[in-house]
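Numbering (the UniProt record's numbering), first residue to last: 1 to 161.
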């Protein structure tokens, strides 16, 4: 039996997680390395295996374009340094024809995996934030910040602000 068959069977036998939802994500902060295709391919194999077993499965791919630019890619022009700390979806594209820096690199990567026949539903994180989909979770985190800091310290051994 192929590993994906075993994995799908484990999911199905658990009776949980219905409807089945396979998800992967990437922060498009620069040119996306070919090694990132591994996650796309593995998740697609799981999704396709669930479908061949006759169950419903949805495969989504999130581009985390709400993340800030926290490192400066060496291939970007110096003028982009002014955008350090900005959400990736608000930074202008270095190439014409794209809404943002994030869209430029995300869509280049999407074109590659689409070319392999992998076509998950694409989700842009800034749209999810804008629609309020994370509001309740953010409130929970803010309400439990002391506990989260303690857990972070206990697990990692150092403090975060």
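Every residue, glycine too, gets a C-beta built ideally from N, C-alpha and C.
Any idea what DSSP makes of residue 74, helix, strand or coil?
In the chain shown, counting from the first residue as 1, residue 74 sits at position 74. Coil.
For a test of the three-state rule: what should DSSP assign to residue 158, helix, strand or coil?
As a position in the chain shown, residue 158 is number 158, starting the count at 1. When DSSP states are grouped into helix, strand and coil, residue 158 belongs to the coil group.
Closest to residue 91 by CA distance: which of 2, 138, 45 and 70 is it?
The residue you call residue 91 lines up with position 91 of the chain shown. Nearest option by C-alpha distance: 70.
Put residue 20 into one of helix, strand or coil per three-state DSSP.
Along the chain shown, read from residue 1 onward, the residue named residue 20 stands at position 20. In the structure shown, residue 20 sits in a strand (DSSP, three-state: E or B).
Through-space distance from residue 126 to residue 24, alpha-carbon basis
Reading the chain shown from its first residue, position 24 is the one you call residue 24. Reading the chain shown from its first residue, position 126 is the one you call residue 126. Residue 24 and residue 126 have their C-alpha atoms some 16 Å from each other.
Neighbour flag for residue 30 against chain E, beta carbons, 8 Å:
In the displayed structure, chain E is absent; only one protein chain is listed.
Look at residue 120 and residue 27 and say whether their C-beta atoms are less than 8 Å apart.
Translated into the one-based positions of the chain shown, residue 120 becomes position 120. Translated into the one-based positions of the chain shown, residue 27 becomes position 27. No. Outside cutoff.
Pull up the distance between the alpha-carbon of residue 50 and that of residue 134, whole angstroms please.
Walking along the chain shown from the start, residue 50 turns up at place 50. Walking along the chain shown from the start, residue 134 turns up at place 134. If you take the alpha carbons of residue 50 and residue 134, they lie about 28 Å apart.
If you draw a straight line from the C-alpha of residue 137 to the C-alpha of residue 68, how long is it?
Translated into the one-based positions of the chain shown, residue 137 becomes position 137. Translated into the one-based positions of the chain shown, residue 68 becomes position 68. For residue 137 and residue 68, the gap between their C-alpha atoms comes out near 19 Å.
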